[in-house]
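Worksheet: the structure to be examined is printed underneath.
There are 2 protein chains.
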Amino acid sequence: MAKAPVLTPQADDFPRWYQDLITKAELADNGPVRGTMVIRPYGYGLWERMQQEMDARIKRAGAQNAYFPLFIPQSYLTKEAEHVEGFAPELAVVTHGGGKELDEPVVVRPTSETVVNASFAKWVQSYRDLPLLINQWANVVRWEMRPRVFLRTTEFLWQEGHTAHATYEEARDYAAHIHREVYADFMINVLGIDVVLGRKTAAERFAGAVNTLTLEGVMRDGKALQMGTSHELGTNFAKAFGTHYLSKDGAQELVWQTSWGSSTRMVGGLIMAHGDDQGLRVPPRLAPVQAVVLAIKDDPAVLEQVHAIGERLTAAGVRVRVDDRTDTPFGRRAVDWELKGVPVRIEVGPRDLENGTAVLARRIPGSKESVALSAVAGLVPDLLEEDQQRLLSESRIRRRTLTSEVTTVEEAAEAALAGGVARIPWATLGEEGEARLAEHSVSVRCLVAEDGSVPDRDDAPGNVALVARAY
Amino acid sequence: MAKAPVLTPQADDFPRWYQDLITKAELADNGPVRGTMVIRPYGYGLWERMQQEMDARIKRAGAQNAYFPLFIPQSYLTKEAEHVEGFAPELAVVTHGGGKELDEPVVVRPTSETVVNASFAKWVQSYRDLPLLINQWANVVRWEMRPRVFLRTTEFLWQEGHTAHATYEEARDYAAHIHREVYADFMINVLGIDVVLGRKTAAERFAGAVNTLTLEGVMRDGKALQMGTSHELGTNFAKAFGTHYLSKDGAQELVWQTSWGSSTRMVGGLIMAHGDDQGLRVPPRLAPVQAVVLAIKDDPAVLEQVHAIGERLTAAGVRVRVDDRTDTPFGRRAVDWELKGVPVRIEVGPRDLENGTAVLARRIPGSKESVALSAVAGLVPDLLEEDQQRLLSESRIRRRTLTSEVTTVEEAAEAALAGGVARIPWATLGEEGEARLAEHSVSVRCLVAEDGSVPDRDDAPGNVALVARAY
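Quick mapping for you: the protein sequence lines, in order, are chains E and W. Per this note's numbering, the very first residue in the first sequence carries number 194; after that it's consecutive. Per this note's numbering, the very first residue in the second sequence carries number 194; after that it's consecutive.
Right, dumping it as structure tokens:
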């Protein structure tokens with residue numbers, strides 16, 4: 194009799210596979226309040242690495258971290274009309290504090306444009322204060338009716354950037370810079386996901402933005418995931434909050450703004466882009482643990498050897514864990530590291546030592562071979578780099594394979610419902626076609642220009658709409 | 194006529210000096226909801242450095258980061274009787290979510306013992322799962338009637354550790370390990386504050402703890418500040434949430450727990466321990482900017498030189514900022530860096546260049562001298578180390594100077610009200626004396642043993658109570 198698989202196979206039930214993996218790899222649990230999540234240490238380790246890599250890129254883009262309050266007066270939300278319309282249905286409202294009913298209820302931030310602008314209006318006086326480039330790492334709350342861990346949760350963790358500029362052009366260019374140099378660079382080169390860079394249609398724009406740039410990943414089931422967005426806010430919030438500056442010419446001018454965010458949802462994207470029936474596969478550049486060295490048996494020579502290999506790997510710059518918990522059966526530990534998607538496992542037992550070898554198991558290509566003990570530490574860095582490229586290349590091929598060119602709205606809906614991405618000229622689809630797709634829960638993920646670049650308006654000639662079902 | 198001071202002098206009005214400094218050094222603002230704060234980039238930079246240093250120590254102590262939800266069912270809080278009694282008056286309550294009234298209101302976490310135990314009860318099965326060592330970086334909310342930025346705010350940022358152990362002794366030792374190796378090591382060796390390590394009396398213990406270890410700093414006005422606490426929770430929360438493990442002998446046993454926290458309040462402590470009438474003084478090991486190189490004038494040779502010095506300092510491992518904003522008057526920039534407490538300023542103007550020198554201004558001793566351009570970068574690392582020691586030594590001397598030995602409750606109250614710390618035998622003071630002190634808003638900050646160590650019970654012979662007013 195064949196052994197029961199650890200996870201529901203993807204082909205049988207992708208959503209169940211996803212939930213199984215999150216539980217078995219100890220990434221997260223549901224919290225006691227519906228829609229909230231507990232991020233377990235291994236899941237949080239993935240998020241911490243995302244934070245490190247993103248934070249470095251955000252700082253290179255010139256933004257500084259700050260922190261704005263969790264609680265926002267309800268009246269602030271209403272100052273920008275589209276914004277409140279977009280977020281009102283999702284708000285959590287605090288009505289009691291310190292044992293008393295509050296005079297004015299406060300909302301738990303769903304995003305921080307309003308409270309940030311209240312500060313910007315004070316901080317920005319003259320052109321010398323611009324550009325003002327701020328980022329914050331925080332939790333936000335959007336009440337979720339159909340929660341799914343990491344993808345749609347009532348509370349999630351994210352970074353949100355908020356900037357103010359002297360001109361439209363500067364703001365536009367900065368939103369594009371974040372889109373490319375922070376988000377795309379991180380997602381492609383660290384997460385190994387071949388995201389599409391595009392522009393949202395008016396229907397899909399952020400509430401209060403004049404333009405939203407997006408990065409869309411294609412998951413293994415052919416559905417799309419919005420992995421991050423960068424918005425041009427125009428002067429919408431500046432008008433609502435009176436964020437002015439004194440120009441060089443001595444005139445009072447409104448600032449031009451951007452905001453941009455990416456969240457713990459990226460952990461969900463990582464799982465669904467790279468995971469397989471054996472578990473997660475973590476790209477080496479992201480992996481909190483790049484290599485694990487396992488002692489197969491409780492034997493002094495084996496224990497000495499695993500620690501020696503661990504030290505050599507650390508010296509070679511590899512993030513390594515030594516697993517010498519020999520009171521837990523080796524098979525169970527090996528399956529656990531496989532589930533957790535650690536790229537390289539080095540397994541050492543008494544028999545290996547006799548031969549002067551170790552078993553080197555690679556999670557990403559799924560290979561296993563015997564290598565000389567003396568060579569193993571030296572091999573790993575190159576293998577990790579190879580695996581990083583392999584995941585990206587797989588993601589690229591998957592996206593191409595799952596994408597088809599179509600010419601009618603019906604074909605687009607059909608392709609999306611079959612689990613794929615349809616490309617259709619925006620001139621053919623239009624807002625009317627977009628509305629028809631919505632009846633099938635299919636959406637325009639983004640518009641791209643003919644040459645694959647990001648278009649600077651919705652109706653530029655040659656614009657292509659990418660159509661899919663989405664998480 | 195003498196120039197008006199930038200800040201209210203400490204001697205005139207310490208609380209106003211504190212508020213002036215926070216505003217002028219651009220550390221934080223009040224948020225729109227009463228009691229909340231906006232942490233501005235420079236203030237947040239201090240907190241980020243605290244996080245980095247603390248996080249490294251927490252990880253060395255074996256704890257892993259995770260994340261638990263912001264929202265806790267109201268019913269959870271009531272499971273541990275003392276805990277709810279302590280926190281109920283400070284809770285913020287969400288009654289509406291997603292446009293509807295909630296069936297059960299949820300509270301915004303004031304601390305996470307309850308929601309953490311709900312997870313621990315699931316995660317801990319056998320002795321193999323212990324010790325379980327978890328930390329989280331998060332925001333918490335405690336409704337504040339008399340808020341003061343960084344010191345007492347409705348929302349603050351902190352880390353909270355939560356651990357579960359197989360035995361009382363292990364839990365006790367781990368709480369003490371965190372107290373010493375994480376908190377004291379960081380506060381003394383990085384913050385440069387000569388904290389007292391002691392034990393809280395029963396009256397001052399954390400709600401739900403069986404023992405609270407504390408670190409008390411003495412501020413420049415003679416008041417004490419609790420800088421961090423580490424609690425033994427006994428089996429109180431384990432009983433309330435059913436957190437059991439199967440022992441090696443096959444018996445179901447309750448786990449023994451600890452929790453420990455430190456917060457953005459440490460930024461307030463840093464200000465009040467080291468700040469003077471010219472502004473903040475940041476200990477070099479903490480400082481986000483250790484040295485700033487200022488161009489006095491917009492002159493090509495000057496600009497070239499400041500950048501060259503900046504590069505040499507970076508190469509020497511110094512966290513450096515080059516200030517070439519010559520469109521802002523030099524004097525204003527110099528005062529600003531002084532206010533912000535950057536330890537070393539290197540000022541370069543055309544006249545300095547002619548002499549082949551730069552002015553080196555040191556914020557901590559308050560000195561200013563001319564040094565050879567070729568020598569300046571090489572000098573800085575040693576000066577920074579000297580300044581670090583100087584701040585700690587000042588803090589040590591201040592604590593001794595402000596501390597007096599007394600023998601009666603009246604003398605203790607008098608010394609505290611005069612702005613100092615009184616040491617009185619606990620056998621003399623007792624709980625009755627403690628209650629009398631409370632009438633004067635004076636409290637027992639902690640108990641220490643005769644030899645200065647941390648006592649293992651309140652009534653150990655020779656225990657001394659440290660009595661002061663506190664923030």
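Glycine included, each C-beta is placed from N, C-alpha and C at the ideal position.
Bounding residues of the alpha helix (DSSP H) (the contiguous stretch that carries residue i)
{"i": "asparagine 429 of chain W", "result": "429-434"}
{"i": "glutamate 306 of chain E", "result": "306-316"}
{"i": "isoleucine 464 of chain W", "result": "458-467"}
{"i": "serine 563 of chain E", "result": "Taken as a continuous stretch (DSSP letters only), serine 563 of chain E belongs to no alpha helix (DSSP H), being part of the beta strand (DSSP E) at 560-565."}
{"i": "leucine 659 of chain W", "result": "Looking at the DSSP string, leucine 659 of chain W is not in any alpha helix (DSSP H); the run it does join, the beta strand (DSSP E), is 657-661."}
{"i": "serine 268 of chain E", "result": "267-270"}
{"i": "leucine 610 of chain W", "result": "602-610"}
{"i": "threonine 507 of chain E", "result": "493-508"}
{"i": "leucine 239 of chain W", "result": "234-253"}
{"i": "threonine 621 of chain W", "result": "619-631"}
Residue-chain proximity (residue i, chain E), Cβ-Cβ < 8 Å
{"i": "arginine 321 of chain W", "result": "yes"}
{"i": "asparagine 669 of chain W", "result": "Absent from the structure is residue 669 of chain W, since the part of chain W shown begins at 194 and ends at 664."}
{"i": "aspartate 520 of chain W", "result": "yes"}
{"i": "leucine 350 of chain W", "result": "yes"}
{"i": "histidine 289 of chain W", "result": "yes"}
{"i": "arginine 512 of chain W", "result": "no"}
{"i": "methionine 412 of chain W", "result": "no"}
{"i": "methionine 338 of chain W", "result": "yes"}
{"i": "aspartate 222 of chain W", "result": "yes"}
{"i": "glycine 292 of chain W", "result": "yes"}
{"i": "arginine 233 of chain W", "result": "yes"}
{"i": "proline 324 of chain W", "result": "no"}
{"i": "valine 448 of chain W", "result": "no"}
{"i": "isoleucine 327 of chain W", "result": "yes"}
Neighbour flag for residue i against chain W, beta carbons, 8 Å
{"i": "serine 560 of chain E", "result": "no"}
{"i": "serine 312 of chain E", "result": "yes"}
{"i": "methionine 142 of chain E", "result": "Nothing in the structure corresponds to residue 142 of chain E, since chain E is present only between 194 and 664."}
{"i": "alanine 249 of chain E", "result": "no"}
{"i": "phenylalanine 399 of chain E", "result": "no"}
{"i": "proline 225 of chain E", "result": "yes"}
{"i": "alanine 285 of chain E", "result": "yes"}
Terminal residues of the beta strand (DSSP E) in which residue i lies
{"i": "leucine 325 of chain E", "result": "325-334"}
{"i": "phenylalanine 207 of chain E", "result": "No beta strand (DSSP E) holds phenylalanine 207 of chain E; the alpha helix (DSSP H) holding it covers 207-217."}
{"i": "aspartate 545 of chain E", "result": "Segment 543-548 is the alpha helix (DSSP H) holding aspartate 545 of chain E; no beta strand (DSSP E) there."}
{"i": "threonine 405 of chain W", "result": "404-411"}
Under 8 Å between C-beta atoms of residue i and residue j
{"i": "valine 309 of chain E", "j": "histidine 355 of chain E", "result": "yes"}
{"i": "glycine 534 of chain E", "j": "leucine 473 of chain E", "result": "yes"}
{"i": "alanine 551 of chain E", "j": "valine 541 of chain E", "result": "yes"}
{"i": "alanine 396 of chain W", "j": "valine 614 of chain W", "result": "no"}
{"i": "glutamate 348 of chain E", "j": "serine 452 of chain E", "result": "no"}
{"i": "leucine 239 of chain E", "j": "proline 481 of chain E", "result": "yes"}
{"i": "arginine 556 of chain W", "j": "glutamate 578 of chain W", "result": "no"}
{"i": "glycine 401 of chain E", "j": "cysteine 639 of chain E", "result": "no"}
{"i": "glutamine 483 of chain W", "j": "valine 511 of chain W", "result": "yes"}
{"i": "arginine 321 of chain E", "j": "leucine 479 of chain E", "result": "no"}
{"i": "alanine 554 of chain W", "j": "aspartate 516 of chain W", "result": "no"}
Contacting residues, own chain, Cβ-Cβ under 8 Å from residue i (five flanking each side not counted)
{"i": "valine 317 of chain E", "result": "Leu323, Leu325, Ala357, Thr436, His437, Tyr438 and Val448"}
{"i": "alanine 311 of chain E", "result": "Tyr269 and Phe434"}
{"i": "alanine 256 of chain W", "result": "Leu326, Ile327, Asn328, Gly354 and Thr356"}
{"i": "methionine 247 of chain W", "result": "Gln352, Val375, Phe379 and Ser455"}
Same chain, Cβ closer than 6 Å to residue i, neighbours up to 5 away in sequence not counted
{"i": "glutamate 643 of chain W", "result": "Gly655"}
{"i": "methionine 194 of chain E", "result": "With a pLDDT of 44 at methionine 194 of chain E, under the threshold of 50, the modelled position of this residue cannot be trusted; read the value that follows with caution. Counting only Cβ-Cβ distances below 6 Å, and skipping sequence neighbours, we find nothing."}
If we count Cβ pairs, one from each stretch, closer than 8 Å, do we get three or more for the segment 219-235 of chain W versus the segment 205-216 of chain E?
At 8 Å Cβ cutoff, the stretches do not touch.
Report yes or no: do three or more beta-carbon pairs, one from the segment 603-616 of chain W and one from the segment 553-570 of chain W, lie closer than 8 Å?
With a cut-off of 8 Å on Cβ pairs, the segment 603-616 of chain W is not in contact with the segment 553-570 of chain W, counting fewer than three such pairs.
Do the segment 451-466 of chain W and the segment 381-398 of chain W meet, that is, are 3 or more Cβ pairs less than 8 Å apart?
Touching, yes, given that three or more Cβ pairs across the two stretches are closer than 8 Å.
Any contact of the segment 502-517 of chain E with the segment 556-563 of chain E, i.e. 3+ C-beta pairs under 8 Å?
With a cut-off of 8 Å, the segment 556-563 of chain E and the segment 502-517 of chain E do not count as touching, because too few Cβ pairs lie within range.
Can we say the segment 484-498 of chain E touches the segment 369-383 of chain E, given the rule of at least three CB pairs closer than 8 Å?
They do not touch, by the three-pair rule.
With a cut-off of 8 Å, do at least 3 Cβ pairs link the segment 330-340 of chain E to the segment 357-369 of chain E?
Contact between the segment 330-340 of chain E and the segment 357-369 of chain E is absent, because fewer than three Cβ pairs lie under 8 Å.
Validate contact between the segment 216-227 of chain W and the segment 252-267 of chain E using beta carbons, cut 8 Å, 3 pairs:
Here the segment 216-227 of chain W makes contact with the segment 252-267 of chain E; the two share three or more CB pairs at distances below 8 Å.
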